[in-house]
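Numbering (mature numbering (1 follows the signal peptide of the UniProt record, and there is no 0)), first residue to last: -22 to -1, 1 to 77.
Here a beta-carbon is modelled for each residue, glycine too, at the ideal position from N, C-alpha and C.
Bear in mind that the values here come from a model prediction, so they are computed numbers and not experimental data.
Below is one structure, written out as structure tokens; comments come after it.
If you want it as structure tokens, here you go:
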């Protein structure tokens, strides 16, 4: 009979631990800014905007990606392309290389 309360306690601890890990794994919301506003307004017509925030690219790669999206029909002025590219390059660059 003593095993049941111990088993229940162990299961509860495991579930609490799993919840903590799941919370740590949740992505942070994108930082505010004019680039975010444009992404939310213009990029969601073709794909979920959350897809954008899962990527990490160099500034040149972001510039090429945004330019490619404009070529595919995203309605962006040259100025808006620059705002989006700058936002993504600043906030969604690859992590620095480990030394």
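Cβ-based burial, residue 16 [other Cβ within 10 Å; buried from 16]
buried
Do three or more CB pairs link the region 16 to 36 to the region 53 to 70 at distances below 8 Å? yes
Practice prompt. Please work out which residues of its chain come closer than 6 Å, Cβ to Cβ, to residue 13, disregarding the five sequence neighbours upstream and downstream, and give them in chain order.
Written response: 61, 62, 65
Original post:
Where do the ends of the alpha helix (DSSP H) carrying residue 20 lie?
Top reply: 12 to 20
Rounded to the nearest angstrom, what separates residue 9 and residue 27 at their Cα positions?
13 Å
Worksheet entry | residue 43 in three-state terms, based on DSSP | helix
Limits of the unbroken alpha helix (DSSP H) element including residue 53 = Here residue 53 belongs to no alpha helix (DSSP H), and DSSP marks it neither H nor E.
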